[in-house]
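Below you'll find the structure, written out as structure tokens, and then a few comments.
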Amino acid sequence: MTSSYHTLPSVVIDLWRTRHHDCRTDPGHMADDREAEFVRTEHSGHGAACRQLAAAQKLRR
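Taking my numbering, the leading residue of the sequence shown gets 14, the next gets one more, and so forth.
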């Protein structure tokens with residue numbers, strides 16, 4: 014069972030939103046599946062040039 018990022022404190026979501034706002038930058042380490050899910054949701058539809066989305070897709074299990 015995968016835990017949704019929607020149940021996390023808003024401070025965590027705000028931190029992720031700040032870390033992953035720019036499609037042109039490498040996202041660095043993602044702590045877990047919830048962070049990757051968040052990035053996929055935030056960057057869905059951005060296309061192949063979005064580094065954030067590409068990295069999050071690699072972590073999909």
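Glycine included, every Cβ here is placed at the ideal spot set by N, Cα and C.
- In chain order, CYS36, ARG37, THR38, ASP39 and PRO40 place their CB closer than 8 Å to the CB of ARG64, counting only its own chain and leaving out the 5 sequence neighbours on each side.
- Cα atoms of PHE51 and TYR18: separation of roughly 7 Å, rounded to the nearest angstrom.
- By a beta-carbon distance limit of 8 Å, ALA49 contacts LEU72. Their separation comes to about 4 Å.
- At the C-beta level, LEU21 and ARG47 come within 8 Å of one another.
- Judged by DSSP in its simplified three-state form, HIS34 adopts coil rather than helix or strand.
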